[in-house]
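Each protein sequence line maps, in turn, to chains U and Z.
Under our numbering, the residue at position 227 of the first sequence is numbered 228, and the numbers go up by one with no gaps.
Under our numbering, the residue at position 209 of the second sequence is numbered 242, and the numbers go up by one with no gaps.
Before any comments, here is the structure.
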Amino acid sequence: MCSILEDEIPLAKERISLDRKCMKCKEEPAILITRVNDAFCRGCFQVYVTHKFRAAIGKTKLVRDGEKVLVGISGGPSSCALLHLIQEGLSQRAHKKLRFKPGLLFIEEGQVVGQSLEERKVTLTRIHSLLRQSGFPYHLCKLADSLDLERVKTLSACQSNHAAVNKMNQSAMDINTAAVNKMNQSAKDINTSAGNKMNQSAMDMNTCINPVEGDKGEVEKSGHGENCCDLLEMNREAEKLFAAQLGSIKSISGKEDFVRALRHRLLLEFARQHGYSKVMLGNTGSQLAVRLLTDISTGRGMQAAMETAFADRRNTDMMFLRPLRDFSSKEIAMYNNLHRLECVFIPSLTTMGDVGASIEHLTEAFVTGLQAEYPSTVSNIMRTGEKLDSSSAVDIESHCALCQGPLDTDVGMSSALAALRFSLEISTMGKSNGKRCIKGDNSVNNTNDELCSNGVNYDAKVECCGESDGSCRSSTQLSVPDEGLVLQTLCYGCRIVAMEMDDVNSLPEFVMKDVAWRNRRSVMKAEIQDFLLDDR
Amino acid sequence: MPAICTVCSKGAILKRPKTGNALCKECFFHAFEEEIHHTIVHAELFKRNETIAIGASGGKDSTVLAYVLKLLNDRHDYGVNLVLLSVDEGITGYRDDSLETVKRNQEQYGLPLKIISYEELYGWTMDAIVKQIGLKNNCTFCGVFRRQALDRGALMLKVDKIATGHNADDIAETVIMNVLRGDIGRLRRCTAITTGTDGALPRCKPFKYTYEKEIVMYAYFKKLDYFSTECIYSPNAYRGFARAYIKDVEKIRPSAIIDIIHSGESLSVKKDIRLPVQGVCERCGYISSNAVCKACVMLEGLNKGLPRLGIGKTHKERRKMQEMLQQETGAADSTPCTDQSLKSSCKCENKTDQSECSSQTYDSDNASGCSTYSKSQKCKDGCSSTNPRTVAKEKLSIFGKLKQPPSIDF
Numbered sequence: 002m003c004s005i006l007e008d009e010i011p012l013a014k015e016r017i018s019l020d021r022k023c024m025k026c027k028e029e030p031a032i033l034i035t036r037v038n039d040a041f042c043r044g045c046f047q048v049y050v051t052h053k054f055r056a057a058i059g060k061t062k063l064v065r066d067g068e069k070v071l072v073g074i075s076g077g078p079s080s081c082a083l084l085h086l087i088q089e090g091l092s093q094r095a096h097k098k099l100r101f102k103p104g105l106l107f108i109e110e111g112q113v114v115g116q117s118l119e120e121r122k123v124t125l126t127r128i129h130s131l132l133r134q135s136g137f138p139y140h141l142c143k144l145a146d147s148l149d150l151e152r153v154k155t156l157s158a159c160q161s162n163h164a165a166v167n168k169m170n171q172s173a174m175d176i177n178t179a180a181v182n183k184m185n186q187s188a189k190d191i192n193t194s195a196g197n198k199m200n201q202s203a204m205d206m207n208t209c210i211n212p213v214e215g216d217k218g219e220v221e222k223s224g225h226g227e228n229c230c231d232l233l234e235m236n237r238e239a240e241k242l243f244a245a246q247l248g249s250i251k252s253i254s255g256k257e258d259f260v261r262a263l264r265h266r267l268l269l270e271f272a273r274q275h276g277y278s279k280v281m282l283g284n285t286g287s288q289l290a291v292r293l294l295t296d297i298s299t300g301r302g303m304q305a306a307m308e309t310a311f312a313d314r315r316n317t318d319m320m321f322l323r324p325l326r327d328f329s330s331k332e333i334a335m336y337n338n339l340h341r342l343e344c345v346f347i348p349s350l351t352t353m354g355d356v357g358a359s360i361e362h363l364t365e366a367f368v369t370g371l372q373a374e375y376p377s378t379v380s381n382i383m384r385t386g387e388k389l390d391s392s393s394a395v396d397i398e399s400h401c402a403l404c405q406g407p408l409d410t411d412v413g414m415s416s417a418l419a420a421l422r423f424s425l426e427i428s429t430m431g432k433s434n435g436k437r438c439i440k441g442d443n444s445v446n447n448t449n450d451e452l453c454s455n456g457v458n459y460d461a462k463v464e465c466c467g468e469s470d471g472s473c474r475s476s477t478q479l480s481v482p483d484e485g486l487v488l489q490t491l492c493y494g495c496r497i498v499a500m501e502m503d504d505v506n507s508l509p510e511f512v513m514k515d516v517a518w519r520n521r522r523s524v525m526k527a528e529i530q531d532f533l534l535d536d537r
Numbered sequence: 034m035p036a037i038c039t040v041c042s043k044g045a046i047l048k049r050p051k052t053g054n055a056l057c058k059e060c061f062f063h064a065f066e067e068e069i070h071h072t073i074v075h076a077e078l079f080k081r082n083e084t085i086a087i088g089a090s091g092g093k094d095s096t097v098l099a100y101v102l103k104l105l106n107d108r109h110d111y112g113v114n115l116v117l118l119s120v121d122e123g124i125t126g127y128r129d130d131s132l133e134t135v136k137r138n139q140e141q142y143g144l145p146l147k148i149i150s151y152e153e154l155y156g157w158t159m160d161a162i163v164k165q166i167g168l169k170n171n172c173t174f175c176g177v178f179r180r181q182a183l184d185r186g187a188l189m190l191k192v193d194k195i196a197t198g199h200n201a202d203d204i205a206e207t208v209i210m211n212v213l214r215g216d217i218g219r220l221r222r223c224t225a226i227t228t229g230t231d232g233a234l235p236r237c238k239p240f241k242y243t244y245e246k247e248i249v250m251y252a253y254f255k256k257l258d259y260f261s262t263e264c265i266y267s268p269n270a271y272r273g274f275a276r277a278y279i280k281d282v283e284k285i286r287p288s289a290i291i292d293i294i295h296s297g298e299s300l301s302v303k304k305d306i307r308l309p310v311q312g313v314c315e316r317c318g319y320i321s322s323n324a325v326c327k328a329c330v331m332l333e334g335l336n337k338g339l340p341r342l343g344i345g346k347t348h349k350e351r352r353k354m355q356e357m358l359q360q361e362t363g364a365a366d367s368t369p370c371t372d373q374s375l376k377s378s379c380k381c382e383n384k385t386d387q388s389e390c391s392s393q394t395y396d397s398d399n400a401s402g403c404s405t406y407s408k409s410q411k412c413k414d415g416c417s418s419t420n421p422r423t424v425a426k427e428k429l430s431i432f433g434k435l436k437q438p439p440s441i442d443f
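Written out as structure tokens, the structure is:
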């Protein structure tokens with residue numbers, strides 16, 4: 002790849018002249034250059050982008066007609082491009098129309114970087130107007146909600162009510178009337194179901210705009226801005242908890258990993274509880290190349306293939322799609338520029354940080370720098386990612402409790418994991434000074450009865466009461482799970498994050514629940530082990 | 034603030050890069066040696082009464098490897114015989130210095146030593162190659178040639194395995210480099226601790242989980258002597274990018290190197306991806322995934338003055354070669370080959386003078402005949418003239434002769 006074939010004299014680079022013709026239609030003057038040296042005119046570029054987008058979705062035949070798809074909008078340039086492409090795809094060209102029902106979700110993450118309430122309100126308002134303009138049903142929630150997944154149910158879909166109203170009123174986009182009528186139809190359906198939902202749920206201040214009787218004639222008044230910001234007022238306890246957990250992770254790389262796992266989980270739960278069957282994300286090819294390298298560098302090699310594939314089948318009931326994976330960030334930026342799309346800038350943990358702030362940031366600088374010199378870097382990395390196997394594990398017990406990726410810790414004694422463990426042991430031999438024991442190894446021979454060398458809390462495993470009628474409550478008395486037990490349910494990459502925290506038990510609730518559940522199951526299995534024919 | 038060794042609670046003098054623990058000198062030595070012992074035992078690298086050749090370059094990895102293997106062999110009684118094997122690439126100012134170190138090692142550790150050189154095997158030194166090909170892509174030549182050289186040297190010594198000093202940093206770099214280049218076949222194999230079990234001599238990497246910094250630390254505190262300079266031709270290698278990245282990541286999170294190796298081990302490839310299949314080279318009998326192995330291709334290119342034969346895109350190079358051959362032979366195409374002794378095998382079409390055809394250096398029952406030319410190509414130059422290429426062919430014949438012993442059975 003890097004052996005650029007040099008002839009005796011290197012060819013002089015073609016001078017970029019301003020009156021090149023588009024390489025496709027060869028008639029129009031070219032307005033931009035994409036890939037290495039391909040010049041496109043405006044029309045052809047639009048066709049190119051749209052075609053690639055449609056092909057990515059259509060080729061895999063994964064999205065069926067009428068399917069409800071949740072689109073994750075982060076406010077950044079690729080999300081805006083994705084939104085625009087979906088709008089275009091749903092509206093025009095009736096015979097080739099995209100046929101699915103999108104719903105938008107924005108996850109507010111201002112707390113991660115420590116923004117003040119005012120800043121978060123400003124961002125939220127801008128995003129709100131952006132989502133409103135799209136005309137699709139939309140929802141807002143914040144990252145701290147992932148710690149309290151029960152509440153996610155109450156964020157109802159009554160936004161659609163309002164969205165339908167607005168769509169009729171505004172003319173910000175080119176939408177032909179046929180599409181408008183169609184949307185009305187579907188909006189009506191959503192309206193009735195949403196209305197029912199609203200009657201049942203108690204507190205919906207953050208998402209509901211109009212009260213129940215809201216018919217389509219009412220236009221929203223000025224109170225709208227505050228309504229969306231009520232999101233920030235609610236559930237302060239979850240926010241505090243989140244802040245504490247995030248604060249206990251020492252490195253920025255760990256924090257980023259943690260935030261990503263929570264975000265994924267929130268998207269998953271939200272989609273599940275609101276009846277969506279797929280989730281669509283707007284990651285571009287360049288971002289995914291960085292993602293692949295970062296995953297390899299943080300020990301998540303097994304999930305790397307899933308994160309960069311078009312369809313992420315980590316969870317069997319919910320598929321994550323990435324239709325923009327063949328685009329480079331440059332193409333997306335040019336697309337946004339052509340259509341004058343407005344994006345909202347959301348700062349992240351490494352914004353304005355130095356290059357070595359976190360592993361992801363470093364990898365991004367590395368790939369971008371390499372790409373400048375060797376233009377095929379990103380496509381090479383993506384191609385490697387495609388060839389990797391992203392087969393997911395079969396049963397829920399071989400999933401990581403935090404990131405839902407497959408567990409990759411069932412390795413033999415001759416492996417990096419075993420070597421690292423041995424190194425730790427031998428460097429701290431004989432001293433149980435509270436050093437983290439990572440004996441949590443999922444290899445077949447080591448079951449729960451391998452004691453942690455710190456001897457933490459193992460006698461908390463209470464004996465079963467003996468009655469096998471399901472009334473045994475002894476396992477619920479396991480109040481503080483063994484640290485090794487928790488680590489055993491995490492994949493290699495998540496273990497690194499968890500071990501940075503002061504107390505492994507302060508992981509989010511859904512993780513702890515999963516740990517407890519698995520523990521109960523393994524106790525059950527141990528009881529019936531002799532009678533199980535299958536070795537699973 | 035004096036730190037305390039986490040194992041024996043005495044005063045600590047260093048901090049382990051791998052785990053971050055503070056250790057005193059003896060505990061560090063103990064930990065280092067025990068980890069390597071652990072690796073060897075669990076990966077079952079050595080068997081009793083095997084002969085192991087240690088690839089010794091005189092650098093830190095191989096010096097420490099020789100020292101530690103000898104130590105562990107005595108301490109834990111592996112029962113293996115150790116020999117040192119060194120390769121001379123012919124890089125002045127770099128290799129000759131490091132060879133002195135290897136010779137010193139031989140005396141210090143009492144291990145037999147064999148030095149094998151590119152000059153003797155292929156007829157080309159790295160300096161000469163770089164003059165031909167320039168400073169880019171020369172690492173490819175050196176790497177391919179060295180692999181064969183190690184194997185041939187090991188065969189001469191009749192060993193069972195080769196042990197190289199690749200450390201954790203090297204393997205992590207290789208993983209990253211293979212991802213960047215899209216080389217899925219190598220990506221699958223590069224994290225294996227023992228490679229080449231089918232076909233050529235198996236080679237193992239006892240230092241697979243050992244950090245480079247710890248090797249240096251060990252050598253420093255044990256006062257082992259080695260030669261540490263970078264190869265003068267290496268700055269333009271692509272691997273340099275991967276290395277810079279690894280060094281930066283290690284600064285952020287020291288365990289990242291083992292994490293990368295773990296990722297590499299957990300990668301699995303889709304079933305329907307076409308992977309290269311191992312076969313045997315037509316010319317020299319070495320293992321190869323193509324009809325002719327890379328070393329033969331590169332050598333031919335070098336000898337013909339087309340050094341990029343092994344590097345660039347095959348069809349372009351072949352076209353160039355055709356053009357070049359056509360230019361040179363002009364009108365003398367029609368003269369038939371007058372070499373009677375090799376009726377069927379030598380396809381030399383252009384020989385006017387029997388005695389100068391180099392195929393005569395071969396025995397008549399040598400099936401491959403003119404080894405310089407593949408069977409489908411016509412031998413058009415060199416047979417009728419005394420151009421310098423004939424000289425090179427002589428050297429090639431030494432290479433060819435080496436394959437004669439039937440003990441090479443791939």
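Where a beta carbon is used, it is the ideal one built from N, C-alpha and C, also for glycine.
From a predicted model like this one, the values you see are computed outputs, not experimental measurements.
Taking the beta carbon of SER415 (chain U) as reference, the chain Z residues within 7 Å of it are HIS75, ALA76 and ILE226, listed in sequence order. Considering only U:LEU71, U:ALA417 and U:GLU89, the residue with the shortest C-alpha distance to ILE108 (chain U) is U:LEU71. Here TYR244 (chain Z) is near LYS51 (chain Z), since their CB atoms are less than 8 Å apart. Under the three-state reduction of DSSP output, PHE274 (chain Z) falls in the helix class. Taking every protein chain shown into account, the CB of SER287 (chain U) has 16 or more other CB atoms within 10 angstroms, so this residue is buried. In the three-state reduction of the DSSP assignment, CYS237 (chain Z) falls in the strand class, which pools E and B. Taking C-beta atoms as the reference points, SER299 (chain Z) and ASP409 (chain U) count as a pair closer than 8 Å. Under a 10 Å Cβ-count criterion, ARG100 (chain U) is classified as exposed, with fewer than 16 other Cβ atoms of the shown protein chains found around its own Cβ. The criterion of a C-beta distance shorter than 8 Å is satisfied by ILE195 (chain Z) and LEU234 (chain Z). Runs of alpha helix (DSSP H) with 4 or more residues, each lying fully within the segment 291-376 of chain U, are found at 302-309, 330-340 and 360-374, listed in chain order. Taking every protein chain shown into account, the CB of PRO30 (chain U) has fewer than 16 other CB atoms within 10 angstroms, so this residue is exposed.
Annotation note: the segment 91-126 of chain U contains the following uninterrupted beta strand (DSSP E) runs of length 3 or greater, listed N- to C-terminal: 101-109. DSSP places THR84 (chain Z) in the uninterrupted beta strand (DSSP E) bounded by 84-88. Of U:ARG65, U:MET513, U:PHE46 and U:ALA40, the smallest CA-CA separation from PRO103 (chain U) is found for U:ARG65. Going by beta carbons, THR378 (chain U) and LEU371 (chain U) fall inside the 8 Å limit. DSSP lists Z:ALA86 as the bridge partner or partners of VAL116 (chain Z). Contact annotation: in the segment 295-314 of chain Z, residues whose CB is within less than 7 Å of a CB in chain U are HIS295, SER296, GLY297, GLU298, SER299, LEU300, SER301, VAL302, LYS303 and ILE306. For VAL72 (chain U), there is no enclosing alpha helix (DSSP H); the residue is found in the beta strand (DSSP E) stretching over 68-74. Shown here, LYS80 (chain Z) sits in coil according to DSSP, grouped into three states, outside any helix or strand. Inclusion of GLY76 (chain U) and CYS495 (chain U) in the CB contact set at 8 Å is not warranted, their separation being larger than that value.
Across the set U:MET24, U:PRO509 and U:ASP39, the C-alpha of U:ASP39 shows the shortest separation from the C-alpha of LYS331 (chain U). Approximately 6 Å separates the beta-carbon atoms of GLU68 (chain U) and LYS279 (chain U); this is inside 8 Å, confirming the contact.
With fewer than 16 neighbouring CB atoms inside 10 Å of its own CB, HIS52 (chain U) falls in the exposed class. Within chain Z, the residues SER299 have their CB atoms less than 7 Å from the CB of ASP409 (chain U), given in chain order. Among the residues facing chain U, LYS58 (chain Z) is not included, as its CB has no counterpart in that chain under 8 Å away.
With fewer than 16 other Cβ atoms from the protein chains shown falling within 10 Å of its own Cβ, GLN311 (chain Z) counts as exposed. If you check the CB distance, ALA86 (chain Z) and THR227 (chain Z) do not come in under 8 Å. Excluding the 5 residues flanking it on each side, MET210 (chain Z) has same chain C-beta neighbours closer than 6 Å at ARG272 and ALA275, in chain order. Leaving aside the five residues that flank ARG128 (chain Z) on each side, the residues in its chain whose CB is nearer than 7 Å to its CB run, in chain order, ASP121 and GLU122. By a beta-carbon distance limit of 8 Å, LYS93 (chain Z) contacts TYR259 (chain Z). Their separation comes to about 5 Å.
Around the C-beta of ASP292 (chain Z), 16 or more other C-beta atoms lie within 10 Å, and the residue is accordingly described as buried. Ranked by how close their Cα comes to the Cα of ILE74 (chain U), the residues U:CYS26, U:GLY354, U:ARG133 and U:SER415 have U:ARG133 in first place.
Residues of the segment 373-388 of chain U that bring their beta carbon within less than 7 Å of a beta carbon in chain Z comprise THR378, ASN381, ILE382, ARG384, THR385 and LYS388, in sequence order.
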